[in-house]
Amino acid sequence: MDWKIRRFGQAAFTVWAVMTLAFFLTRMMPGNPVDAFVAQVGPQLDNPQEAYEMAEIYMNINPEAPMHVAYWNYMTSMMVGDMGQSMSQNAPVAQIMAEAIPWTLFVMSWAIFIGFAVGISIGALMAYWEGTKFDVALTGYATVITSIPFYVLALLLLITFAYRLGWFPTSGRRPEGVTAGFNLPFITGIVHHAALPVFSMFVGSGVASLTMRGNSIRVLGEDYLRVARLRGLPDRTIAVRYIARNAILPMYTGLMIAIGSMFGGAVVLEEIFTYRGMGYYMIQAVRARDYPLMMGAFTIITIAVVIALLVADLTYGKIDPRAGNEANDSF
Numbered sequence: 001m002d003w004k005i006r007r008f009g010q011a012a013f014t015v016w017a018v019m020t021l022a023f024f025l026t027r028m029m030p031g032n033p034v035d036a037f038v039a040q041v042g043p044q045l046d047n048p049q050e051a052y053e054m055a056e057i058y059m060n061i062n063p064e065a066p067m068h069v070a071y072w073n074y075m076t077s078m079m080v081g082d083m084g085q086s087m088s089q090n091a092p093v094a095q096i097m098a099e100a101i102p103w104t105l106f107v108m109s110w111a112i113f114i115g116f117a118v119g120i121s122i123g124a125l126m127a128y129w130e131g132t133k134f135d136v137a138l139t140g141y142a143t144v145i146t147s148i149p150f151y152v153l154a155l156l157l158l159i160t161f162a163y164r165l166g167w168f169p170t171s172g173r174r175p176e177g178v179t180a181g182f183n184l185p186f187i188t189g190i191v192h193h194a195a196l197p198v199f200s201m202f203v204g205s206g207v208a209s210l211t212m213r214g215n216s217i218r219v220l221g222e223d224y225l226r227v228a229r230l231r232g233l234p235d236r237t238i239a240v241r242y243i244a245r246n247a248i249l250p251m252y253t254g255l256m257i258a259i260g261s262m263f264g265g266a267v268v269l270e271e272i273f274t275y276r277g278m279g280y281y282m283i284q285a286v287r288a289r290d291y292p293l294m295m296g297a298f299t300i301i302t303i304a305v306v307i308a309l310l311v312a313d314l315t316y317g318k319i320d321p322r323a324g325n326e327a328n329d330s331f
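Quick note on numbering: the sequence shown equals residues 1 to 331 in the numbering used here.
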């Protein structure tokens with residue numbers, strides 16, 4: 001129990017430290033967002049003093065308050081889910097994020113899980129046929145495709161299949177004129193809009209296959225496999241229970257990190273496809289210097305990564321007993 005309490009405490013401290021650092025860096029640097037907002041809005045108002053009141057409403061920060069008071073007000077507002085008002089979207093940041101996050105999850109979750117599933121399967125086959133033409137060809141392909149950034153693939157897919165061939169929409173996240181709900185036209189429409197973003201991430205999943213190949217080759221040389229063969233166990237049992245299970249275990253943490261960082265990974269992808277998820281709004285916030293929206297998205301990304309690492313930390317010992325558990329705290 002003490003081990004779990006320490007892990008939760010470390011996660012909470014990490015979130016607090018990131019939010020605190022972001023607050024003080026933005027407030028103390030020259031031309032901080034609060035001063036920029038007051039300078040931008042003030043000349044447009046009859047009473048320039050109203051700009052400070054608007055800054056407090058939009059950013060949960062009173063520009064005239066001492067630093068420690070502004071920090072306390074900012075942190076308490078964030079704790080209750082009040083992320084302020086978006087200046088560029090003219091809506092509460094929490095509302096914008098609540099609407100955008102499901103769309104980002106829809107695209108990135110499919111991309112991550114399909115990529116890992118296919119990568120693991122191909123990597124296992126590459127290890128099984130190590131040294132053959134199949135292994136050499138797929139290893140070369142995975143190495144090349146991994147070296148290409150996913151956003152370059154996204155641009156190529158968009159130009160080829162959306163603009164030139166017209167097989168997929170060039171922007172948007174849902175079909176126009178279709179009633180939202182659990183109906184076939186809407187479901188097929190959102191899948192059609194998400195196909196290219198998902199595929200651009202999936203094509204670049206060569207890292208999983210190369211990692212699985214390396215892990216499988218390492219496991220194939222272990223002594224317990226020789227013992228399993230001497231015991232007369234079927235090849236299927238050896239492949240599934242001994243080789244695959246032990247080769248996948250080191251990839252578990254990487255999968256959890258990918259899940260946690262899926263919001264951050266969608267920033268460039270959603271901008272390319274004009275897919276209005278969380279990453280799209282984060283780019284818009286940076287362009288418009290929309291501090292509340294930018295900080296809201298940044299905070300959610302931080303919390304997601306911390307939660308994913310916490311889950312990986314708490315569960316890895318259960319999945320792989322060799323790593324230890326809460327009793328001995330060996331990892």
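Think of the CB as a built atom: it goes at the ideal place given N, C-alpha and C, for glycine as much as any other residue.
Keep in mind that this is a model prediction, so the values were computed, not measured.
1) With distances taken Cα to Cα, identify the nearest neighbour of S171 among I272, L25, Y291, L293.
2) Report yes if the CB atom of A308 is closer than 8 Å to the CB atom of M256, and no otherwise.
3) Give the range of the alpha helix (DSSP H) segment to which N332 is assigned.
4) Which first and last residues belong to the alpha helix (DSSP H) in which M278 is found?
5) Please specify which runs of the alpha helix (DSSP H), each continuous and at least 4 residues long, are wholly inside the segment 102 to 172, giving them in chain order.
6) From L314 to W72, what does the alpha carbon distance come to, in whole angstroms?
7) Alpha carbon to alpha carbon, what distance is there between F199 and W129?
8) Compute the distance between the beta-carbons of A244 and A98, then report whether it is under 8 Å.
9) From this set, H68, P66, M79, which residue's C-alpha is nearest V15's C-alpha?
10) When DSSP builds the beta bridges, which residues end up paired with S86?
11) Tell me which residue opens and which closes the alpha helix (DSSP H) that Y252 is part of.
12) Which residues in the same chain as W110 place their Cβ atom closer than 6 Å to its Cβ, once the five residues preceding and following it in sequence are excluded?
13) Which residues mark the beginning and the end of the alpha helix (DSSP H) in which A244 is found?
14) Quick one, are the C-beta atoms of I145 and R173 less than 8 Å apart?
15) CB-CB under 8 Å to L155, same chain, minus the five flanking residues each way: which ones, in chain order?
16) Tell me the rounded alpha-carbon separation between D290 and A94.
17) If you compare alpha carbons, which of L153, L233, R241, G221 is closest to F202?
18) Look at the alpha carbon of P169 and the alpha carbon of Y224, and state the distance between them as a whole number of angstroms.
19) Kindly list the residues whose CB is nearer than 8 Å to the CB of R7, restricted to its own chain and excluding five residues on each side of it in sequence; keep chain order.
20) In whole angstroms, give me the CA-to-CA distance for W167 and F161.
21) Run through DSSP, which three-state label would N328 get?
22) Cα-Cα, which of Y280, Y316, G254 is closest to I112?
23) Report yes if the CB atom of F298 is closer than 8 Å to the CB atom of A22, and no otherwise.
Straight from the coordinates:
1) On the sequence shown, residue 171 is found 171 positions in, with the first residue counted as 1. Among I272, L25, Y291, L293, the Cα nearest to that of S171 belongs to I272.
2) Position 308 of the sequence shown, counting from 1, holds the residue named residue 308. Position 256 of the sequence shown, counting from 1, holds the residue named residue 256. Yes, they are a contact pair.
3) Residue coverage of the chain in this structure runs from 1 to 331, which leaves residue 332 outside it and unanswerable.
4) Numbered from its first residue, the sequence shown carries residue 278 at position 278. Run containing M278: 278 to 288, per the alpha helix (DSSP H) assignment.
5) 133 to 147, 150 to 157
6) Taking the first residue of the sequence shown as 1, we reach residue 314 at position 314. Taking the first residue of the sequence shown as 1, we reach residue 72 at position 72. Going by the C-alpha atoms only, they are around 31 Å apart.
7) In the sequence shown, counting from the first residue as 1, residue 129 sits at position 129. In the sequence shown, counting from the first residue as 1, residue 199 sits at position 199. Roughly 27 Å between the two C-alpha positions.
8) Locating residue 244 in the sequence shown gives position 244, where the first residue counts as 1. Locating residue 98 in the sequence shown gives position 98, where the first residue counts as 1. Contact: no.
9) Counting from one through the sequence shown, the residue named residue 15 turns up at place 15. That would be M79, whose Cα lies nearest to the Cα of V15.
10) On the sequence shown, position 86 is the one that residue 86 refers to. S86 pairs with A91.
11) Reading the sequence shown from its first residue, position 252 is the one you call residue 252. It spans 252 to 260 - the alpha helix (DSSP H) in which Y252 sits, taken as one unbroken run.
12) Residue mapping note: residue 110 aligns to position 110 of the sequence shown, counting from 1. Correct list, in chain order: V198.
13) Taking the first residue of the sequence shown as 1, we reach residue 244 at position 244. Counting along the chain, A244 falls outside any alpha helix (DSSP H), and DSSP gives it neither H nor E.
14) Numbered from 1 along the sequence shown, position 145 holds the residue referred to as residue 145. Numbered from 1 along the sequence shown, position 173 holds the residue referred to as residue 173. Not in contact: I145 and R173 (Cβ atoms no closer than 8 Å).
15) Within the sequence shown, numbered from 1, the residue matching residue 155 stands at position 155. The answer, listed in chain order, is I272.
16) As a working mapping, residue 290 is identified with position 290 in the sequence shown. As a working mapping, residue 94 is identified with position 94 in the sequence shown. Distance between the alpha carbons of D290 and A94: 14 Å.
17) Taking the first residue of the sequence shown as position 1, residue 202 is located at position 202. When each option's Cα is compared against that of F202, the closest is L153.
18) Working through the sequence shown from its first residue, we reach residue 169 at position 169. Working through the sequence shown from its first residue, we reach residue 224 at position 224. Computed Cα separation, rounded: 52 Å.
19) The residue you call residue 7 lines up with position 7 of the sequence shown. Hits under 8 Å: L310, D313, L314.
20) Position 167 of the sequence shown, counted from the first residue, corresponds to residue 167. Position 161 of the sequence shown, counted from the first residue, corresponds to residue 161. So the alpha carbons of these two residues sit roughly 6 Å apart.
21) Reading the sequence shown from its first residue, position 328 is the one you call residue 328. Note on N328: pLDDT 45, under 50, position unreliable in the model; the coordinate value appears next. It is coil, neither helix nor strand.
22) Here residue 112 is taken as the residue at index 112 of the sequence shown, counted from 1. The residue with the shortest Cα to Cα distance from I112 is G254.
23) Taking the sequence shown and counting its residues from 1, the one referred to as residue 298 is at position 298. Taking the sequence shown and counting its residues from 1, the one referred to as residue 22 is at position 22. Contact flag set, yes.
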